[in-house]
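Engineer:
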Amino acid sequence: MRVAIAGAGLAGLSCAKYLCDAGHTPIVLERRDVLGGKVAAWKDEDGDWYETGLHIFFGAYPNMLQLFKELGIEDRLQWKEHSMIFNQLETPGTYSRFDFPDIPAPVNGIVAILRNNDMLTWEEKIKFGLGLLPAIVRGQSYVEDMDQYSWSEWLEKQNIPARVEKEVFIAMSKALNFINPDEISATILLTALNRFLQEKNGSKMAFLDGSPTERLCQPLVDYITERGGEVRLNAPLKEILLNDDNTVKGFLLRGLNGEPDQEFTADLYISAMPVDPLKVMLPKPLRQLEEFNKLEGLEGVPVINLHLWFDRKLTDIDHLLFSRSDLLSVYADMSNTCKEYADPNRSMLELVLAPAQDWITASDEAIIEATMKEIKQLFPQHFTGENAAKLLKYHVVKTPRSVYKATPGRQAYRPSQKTPIANFYLAGDFTMQKYLGSMEGAVLSGKLAAQTLAQDYPAKISPSTPEATKEASLV
Ligand SMILES: Cc1cc2nc3c(=O)[nH]c(=O)nc-3n(C[C@H](O)[C@H](O)[C@H](O)COP(=O)(O)OP(=O)(O)OC[C@H]3O[C@@H](n4cnc5c(N)ncnc54)[C@H](O)[C@@H]3O)c2cc1C
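Quick note: the sequence shown uses the numbering used here, first residue 44, plus one each step.
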């Protein structure tokens, strides 16, 4: 069957891939002229890449790793040492590490925490360990119950000293959802900690060897098109058209460059758009249904991704770093961490600015000026004296609404991939799956949407037959 999918982010593309595997013919319709949504990247006039986000792949991403395997591109993941590295607050330019030894979980995580004496005292570590016990013993149901608390509230409830939050969890909460511990749901941190502690390589990190658009999204497009599917850029969904019984009649695509709008019809329909445009796009009769109405409880959080090129190497660290500074969250010197961005002589720092609420409307110049103040703290040795490092150029990429803001209580608002409408499904990192708003969550949501659809409508023909490869029609 022909399945129209709105949105060529990781959810839409993975959904299309798994629909091909199930014998269906997906046609992905993407609003922009670039693949990838929140992993989209662009090349500037010098041939340098800049991205929507600094993206880290974790060992605890089974569906993403499986996808790389199925696409035959596993060698594109550049795995780093199994460590978490934090900037030291008191001594600028120095680092504190959690190094995970090569032994089974959870012992490797416990050893990593116990061996780090820079950030937490023994008493703080013991109190934190005791506080975590219910999550370890009672597992996922406890983790879900804690969605009623913010992380700050949960730490207090568990009698964990406030310093633990300041030392470790401001950085982690900013990295996970671009907000602070007093805003983020305890479920988010507990989910991540559970994965990191229960899986030996759960917190091991990899960088892609180039831009996600070329190195991950394009292989997905090739896979889809080789099997009779299609991915169209510059095809913005303007309206979801309904039949009298509220099933989907078609997707109305906005005509570009003076062209008229066009109605696109298929047998089945999927939205793989982010939650914010989906809410706007839903026709009134659907909005009145409980399953769609609850989407009003979800909203994308602002974040800013920065790229700064310098005239020299600022560090040789080949890893993700937690800045622990006011403005910045995680960062990496991509000239060390990513093969395609490699440069032996000059650093390209990619940094995430979060929370970004107060900065999202600021000028690029103001953002860079504030960022440079923090970078000087992070690399003081390169910014003192007469021969200070020079900023050669920069790119600022703002995403006013990125992943859903995971404040307490949001789990109840996340919809299933199956909707009350018989020919309409949802994919997207915000839909209900256990990996929250992340690349893994997006891939899993796409896979779940494809699986659910294929169960409801098993394909009758193989994707390699001429019937299945017929062109999508515009009415
Ligand atoms: C700065 C930043 C850093 C991040 N870091 C990490 C990380 O380290 N690790 C991690 O796992 N995750 C990270 N993420 C999150 C991750 O990028 C997302 O969770 C994931 O990519 C979302 O995929 P998606 O397909 O659900 O949504 P999206 O990527 O948003 O895709 C939705 C697509 O729908 C399209 N669309 C919208 N409206 C229409 C329309 N009207 N018609 C047609 N198409 C439309 C959009 O253009 C887009 O291409 C980060 C995100 C950001 C912004």
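Where a beta carbon is used, it is the ideal one built from N, C-alpha and C, also for glycine.
1. If contacts are defined as beta-carbon pairs under 8 angstroms, then valine 186 and threonine 234 qualify, I think. What distance do you get, rounded to the angstrom?
2. Closest to serine 378 by C-alpha separation, out of Ser57, Pro69, Asp91, would be which residue?
3. DSSP on glycine 182, reduced to helix/strand/coil?
4. Which residue's Cα is closest to the Cα of glycine 471: Gly80, Pro262, Ala65, Glu208?
5. Is threonine 68 closer than 8 angstroms to alanine 83 when the C-beta atoms are compared?
6. For serine 516, which three-state DSSP category applies?
7. Would the segment 470–490 count as touching the segment 444–457 if we require 3 or more Cβ pairs under 8 angstroms?
8. Please state if the CB of leucine 299 and the CB of valine 318 are separated by a distance shorter than 8 angstroms.
9. Starting from glycine 293 and walking both ways along the beta strand (DSSP E), at which residues does that stretch end?
10. Do serine 366 and alanine 397 have their C-beta atoms closer together than 8 angstroms?
11. Could you give the distance in angstroms between the alpha-carbon of leucine 491 and the alpha-carbon of cysteine 58?
12. Give the DSSP-derived three-state secondary structure of lysine 433 in the structure shown.
13. Just list the beta strand (DSSP E) runs in the segment 407–490, keeping only unbroken ones of 3 residues or longer that don't cross its boundaries, in chain order.
14. Helix, strand or coil for glycine 79? Go by DSSP, reduced to three states.
15. Throw me the rounded Cβ distance for the proline 451 and serine 193 pair, which I believe falls under 8 angstroms.
16. In three-state DSSP terms, what is leucine 529?
17. Smallest Cα separation from alanine 401: which of Lys433, Pro443, Ala432, Leu110?
18. Name the one or two DSSP bridge partners that phenylalanine 129 has.
19. Buried or exposed for alanine 103, going by 16 or more other Cβ atoms inside 10 Å?
20. In the DSSP output, which residue or residues are listed as bridge partners for tryptophan 194?
21. Looking at ligand 1, does it come within less than 7 angstroms of methionine 316, judged from the CB to the closest heavy atom?
22. Measuring only the C-alpha atoms, how far is threonine 462 from glutamine 331?
23. How long is the line joining the alpha carbons of glycine 245 and glutamine 131, rounded to whole angstroms?
24. Any contact between the segment 197–217 and the segment 346–357? By contact I mean 3 or more CB pairs, one from each, below 8 angstroms.
25. Hey, glycine 50 and methionine 316: beta-carbon distance below 8 angstroms or not?
26. Using a 10 Å radius around the Cβ and a threshold of 16 neighbouring Cβ atoms, would you call alanine 432 buried or exposed?
Structural biologist: Taking the structure as given:
1. Position 143 of the sequence shown, counted from the start, is the residue given in the question as residue 186. Position 191 of the sequence shown, counted from the start, is the residue given in the question as residue 234. Going by Cβ atoms, the distance from valine 186 to threonine 234 rounds to 6 angstroms, so yes, they are a contact pair.
2. In the sequence shown, the residue the question calls residue 378 occupies position 335. The option with the nearest alpha carbon to serine 378 is Asp91.
3. The residue you call residue 182 lines up with position 139 of the sequence shown. Helix, per DSSP.
4. The residue labelled residue 471 in the question sits at position 428 within the sequence shown. Taking only the C-alpha atoms, the option nearest glycine 471 is Gly80.
5. As a position in the sequence shown, residue 83 is number 40, starting the count at 1. As a position in the sequence shown, residue 68 is number 25, starting the count at 1. No, Cβ-Cβ distance for alanine 83 and threonine 68 is not below 8 angstroms.
6. Mapped onto the sequence shown, residue 516 falls at position 473. In this predicted model, serine 516 has a pLDDT of only 32, less than 50, meaning its place in the structure is not dependable; the value taken from the coordinates is given anyway. Three-state result, serine 516: coil.
7. yes
8. By 1-based counting over the sequence shown, the position of residue 318 is 275. By 1-based counting over the sequence shown, the position of residue 299 is 256. No, they are not a contact pair.
9. Locating residue 293 in the sequence shown gives position 250, where the first residue counts as 1. Start and end: 291–296.
10. Counting from one through the sequence shown, the residue named residue 366 turns up at place 323. Counting from one through the sequence shown, the residue named residue 397 turns up at place 354. Result no, Cβ atoms of serine 366 and alanine 397 do not sit closer than 8 angstroms.
11. By 1-based counting over the sequence shown, the position of residue 491 is 448. By 1-based counting over the sequence shown, the position of residue 58 is 15. Each residue's Cα considered, the two are about 8 angstroms apart.
12. Numbered from its first residue, the sequence shown carries residue 433 at position 390. Lysine 433 falls in the coil class under three-state DSSP.
13. 434–442, 467–469
14. By 1-based counting over the sequence shown, the position of residue 79 is 36. In this structure, glycine 79 counts as strand in the three-state DSSP scheme.
15. Position 408 of the sequence shown holds residue 451. Position 150 of the sequence shown holds residue 193. So it is a contact: roughly 5 angstroms between Cβ atoms.
16. No information on residue 529 is available, as it lies outside the stretch 44 to 518 that the chain covers here.
17. Working through the sequence shown from its first residue, we reach residue 401 at position 358. With the sequence shown as reference, residue 401 is identified as aspartate, and alanine is not the correct amino acid for it. Of the candidates Lys433, Pro443, Ala432, Leu110, the one whose C-alpha sits nearest the C-alpha of aspartate 401 is Pro443.
18. Counting from 1 along the sequence shown, the entry for residue 129 is found at position 86. In the DSSP output, where bridge partners are listed per residue, phenylalanine 129 has Ser139, Phe365.
19. Start at 1 with the first residue of the sequence shown, and residue 103 comes out as number 60. By the 10 Å Cβ count, alanine 103 comes out buried.
20. Here residue 194 is taken as the residue at index 151 of the sequence shown, counted from 1. None, per the DSSP bridge assignment.
21. The count along the sequence shown starts at 1 and reaches residue 316 at position 273. Yes - ligand 1 has a heavy atom lying nearer than 7 angstroms to the Cβ of methionine 316.
22. As a first step, residue 462 is located in the sequence shown; it is residue number 419 there, counting from the start. As a first step, residue 331 is located in the sequence shown; it is residue number 288 there, counting from the start. Each residue's Cα considered, the two are about 13 angstroms apart.
23. Translated into positions along the sequence shown, residue 245 becomes position 202. Translated into positions along the sequence shown, residue 131 becomes position 88. So the two alpha carbons sit approximately 24 angstroms from each other.
24. no
25. Taking the sequence shown and counting its residues from 1, one reaches residue 50 at position 7. Taking the sequence shown and counting its residues from 1, one reaches residue 316 at position 273. Yes, Cβ-Cβ distance for glycine 50 and methionine 316 is below 8 angstroms.
26. Within the sequence shown, the letter at position 389 stands for residue 432. That one is buried.
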